[in-house]
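Numbering (this note's numbering), first residue to last: 681 to 827.
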């Protein structure tokens, strides 16, 4: 999740480089990220897919799971990477709405996605699968130089 840019894109890039199928999902349209990886790895056509997903929405994550099953079938790695930080300001200066959005995406999103991914992985009898959760530089309010 959160793979249209930053660290999430770097994860997708590395997985494609290693020959894995990848679904890039992000709350924003991931088409540019998908096309960039296809251009970088011309032999990886058919390995890279993209779809929009709001990780704080059970319905949206359900659609993501359906997309993943349709496009790649078996999942070996799931990376929960989507997150927001509310901007570069003191926590006490954030609006209540911003704090709520951070919790919905950074906590709710990981729980919703992990729950959905685990249910899908349980159906993959005999397949070793892994879920990774990341915490980005957003916890300090900064960007991620180099990504």
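Heads up, the beta-carbon is just placed ideally off N, CA and C, and yes, glycines get one too.
Inter-residue Cα distance where the pair is residue i and residue j
i: residue 707; j: residue 683; result: 9 Å
i: residue 786; j: residue 764; result: 7 Å
i: residue 755; j: residue 803; result: 10 Å
i: residue 806; j: residue 781; result: 37 Å
i: residue 779; j: residue 773; result: 10 Å
i: residue 743; j: residue 757; result: 18 Å
i: residue 718; j: residue 711; result: 10 Å
i: residue 784; j: residue 798; result: 20 Å
i: residue 746; j: residue 795; result: 14 Å
i: residue 753; j: residue 700; result: 12 Å
i: residue 694; j: residue 790; result: 22 Å
Other residues of its chain near residue i: CB distance less than 8 Å, five sequence neighbours each side excluded
i: residue 827; result: Any reading at residue 827 needs caution, since the residue's pLDDT is 45, under 50, leaving its predicted position unreliable; the model's value is listed next. Hits under 8 Å: 685, 686, 687, 689 and 690.
i: residue 808; result: 756
7 Å CB neighbourhood of residue i in its chain, flanking five on each side removed
i: residue 793; result: 681, 735, 741 and 760
i: residue 828; result: Since the first and last residues shown for the chain are 681 and 827, residue 828 lies out of range.
i: residue 801; result: 755 and 809
i: residue 738; result: 792
i: residue 788; result: 736
Whole-Å CB distance - residue i paired with residue j, under 8 Å assumed
i: residue 716; j: residue 730; result: The pair is not a contact, with the Cβ atoms about 11 Å apart (cut-off 8 Å).
i: residue 703; j: residue 749; result: In fact, because the Cβ distance is near 10 Å, the residues do not count as touching under 8 Å.
i: residue 721; j: residue 697; result: 7 Å
Own chain residues within Cβ distance below 6 Å of residue i, not counting five before or after
i: residue 812; result: 759
i: residue 692; result: 683, 702 and 704
i: residue 814; result: 761
### Query
In chain order, which continuous runs of the beta strand (DSSP E) of length 3 or greater are located wholly inside the stretch 701–759?
702–706 and 728–732
### Message
I'd like to know if the stretch 709–727 and the stretch 765–775 are in contact, where contact means that at least 3 CB-CB pairs between them fall below 8 Å.
### Response
no
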